[in-house]
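In the UniProt record's numbering, the protein residues as written are 1 to 119.
Note that the Cβ used here is the ideal one computed from N, Cα and C, for glycine as well.
Beneath this line is the structure, given in structure tokens, with notes to follow.
Here it is in structure tokens:
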């Protein structure tokens, strides 16, 4: 089963369209709230260009990492600059790569934006 979290109604429609196209009936898909997630459940979490929009990205990083099974992977990318092209981004001076490491994720060699849960 593929669990999806999307809080925006229009983007949820787009997600449904894309997932139906790519899953092609091979796996069931469902939407969940995302406010609470089960721990040690998921083989993979995808969070592309998400964290820079959140008021507390570190709390969500910890939650998503906890939801991964041991050895599970997170596919993630964040662009932390806030400018005229990205007015909804929260700009920060934190070292995001360090935060990923501190959360128990390590880069997967040869796989861009892919991290593996080690702790």
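Residue i - containing alpha helix (DSSP H), residue span
i           : result
residue 22  : 9-23
residue 101 : 96-102
Top-ranked residue by Cα proximity to residue i, from the options
i           : options           : result
residue 34  : 27, 66, 96 and 87 : 66
residue 27  : 16, 98 and 37     : 16
residue 36  : 11, 22, 29 and 63 : 63
residue 112 : 1, 25 and 48      : 48
Anticipated Cβ contact below 8 Å, residue i with residue j, distance rounded
i          : j          : result
residue 32 : residue 3  : 5 Å
residue 46 : residue 75 : 5 Å
residue 72 : residue 43 : 5 Å
residue 54 : residue 99 : At roughly 13 Å, the Cβ-Cβ gap does not stay under 8 Å, so residue 54 and residue 99 are not in contact.
Rounded straight-line distance, which links the Cα of residue j to that of residue i
i           : j          : result
residue 52  : residue 90 : 5 Å
residue 80  : residue 92 : 6 Å
residue 165 : residue 41 : Residue 165 lies beyond the residue range present for the chain, which begins at 1 and ends at 119; the question has no answer from this structure.
residue 118 : residue 50 : 22 Å
residue 78  : residue 19 : 22 Å
residue 7   : residue 23 : 21 Å
residue 29  : residue 38 : 17 Å
residue 115 : residue 12 : 25 Å
Residue range of the beta strand (DSSP E) that includes residue i
i          : result
residue 55 : Careful: residue 55 lies outside any beta strand (DSSP E) and carries neither H nor E.
residue 72 : 68-77
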